[in-house]
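This note's numbering numbers the first residue of the sequence shown as 51 and each following residue consecutively.
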Amino acid sequence: MNPTVRLTLAAVSLLLLVPALPAGNAAPPAAVSQEQLAGTWTLVAVDNVFPDGRRVQLYGVSPQGLLMFDARGRYSIHIFRAGRARFASSDKNQGTPEENQATVQGSNSHFGRYSVKAAERTLTFHIDHASFPNWEGTEQQRAFTLAGDELTYTVPVPTSGGPTAVGEVKWKRVR
Numbered sequence: 051m052n053p054t055v056r057l058t059l060a061a062v063s064l065l066l067l068v069p070a071l072p073a074g075n076a077a078p079p080a081a082v083s084q085e086q087l088a089g090t091w092t093l094v095a096v097d098n099v100f101p102d103g104r105r106v107q108l109y110g111v112s113p114q115g116l117l118m119f120d121a122r123g124r125y126s127i128h129i130f131r132a133g134r135a136r137f138a139s140s141d142k143n144q145g146t147p148e149e150n151q152a153t154v155q156g157s158n159s160h161f162g163r164y165s166v167k168a169a170e171r172t173l174t175f176h177i178d179h180a181s182f183p184n185w186e187g188t189e190q191q192r193a194f195t196l197a198g199d200e201l202t203y204t205v206p207v208p209t210s211g212g213p214t215a216v217g218e219v220k221w222k223r224v225r
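The following block contains the structure:
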């Protein structure tokens with residue numbers, strides 16, 4: 051084969067390969083397995099994000115929370131507003147309507163089973179029981195990313211904020 055034909059074939063081969071390469075330095079995200087999520091996580095942020103980019107911190111500036119995934123597919127999640135006011139009475143059944151409202155709006159918890167679809171990068175909570183009773187017995191799917199020790203997932207229909215809000219929840223792995 052003459053050098054001109056060989057050079058032309060090499061150039062055409064390179065041009066055919068270019069569309070298959072990732073844009074810039076971006077590499078496709080690695081799949082994450084259920085085992086990689088197993089462990090204990092502390093809450094970093096819980097925000098509602100609106101189409102205009104506005105963010106609302108649902109549980110204040112320094113929300114408190116704990117998320118635990120076990121290796122057998124069970125989870126437990128607890129989120130609290132920092133600095134919640136105490137009830138005037140030591141008996142929670144004696145709480146005033148205002149105290150009860152603040153408690154409900156300042157906390158969120160649920161537990162059950164979880165599953166991961168690695169290829170789709172989705173995490174599904176199969177909720178047995180929840181502080182928000184409407185979620186009991188439901189499956190709540192979340193798109194997620196795992197970057198080092200930071201887990202972030204989105205809540206397409208959060209428990210508050212209206213129909214245009216999307217929840218964003220960030221956790222940090224406990225080491």
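Heads up, the beta-carbon is just placed ideally off N, CA and C, and yes, glycines get one too.
Close Cβ partners of residue i (< 7 Å) along its chain, the five nearest in sequence each way excluded
i           : result
residue 121 : 85, 88
residue 112 : 132
residue 53  : The predicted model places residue 53 with a pLDDT of 48, which falls under 50 and marks its position as unreliable, so this point remains unresolved.
residue 168 : 81, 82, 83
residue 210 : 108
Those residues which DSSP pairs with residue i across a bridge
i           : result
residue 202 : 195, 220
residue 99  : 105, 216
residue 115 : 129
residue 89  : 119
residue 124 : 163
Cβ neighbours of residue i in the same chain (closer than 6 Å, five flanking residues each side left out)
i           : result
residue 180 : 160, 186
residue 176 : 162, 163, 189
residue 207 : none
residue 212 : none
residue 196 : 82
residue 99  : 105, 216, 218
residue 220 : 94, 95, 202
Cβ-Cβ separation, residue j to residue i (assumed contact under 8 Å), whole Å
i           : j           : result
residue 114 : residue 130 : 5 Å
residue 205 : residue 90  : Residue 205 to residue 90, Cβ: 21 Å. No contact.
residue 264 : residue 116 : Within the shown structure, residues of the chain are numbered from 51 to 225, placing residue 264 beyond reach of any answer.
residue 125 : residue 118 : 6 Å
Own chain partners of residue i with C-beta closer than 8 Å, once the 5 adjacent residues on each side are dropped
i           : result
residue 226 : With the chain represented from 51 up to 225, any question about residue 226 goes unanswered, as that position is not in the structure.
residue 194 : 82, 171, 172, 173, 201, 202, 203, 204
Ranges of the beta strand (DSSP E) found wholly within the stretch 126-192, counting only runs of at least 3
157-167, 172-180
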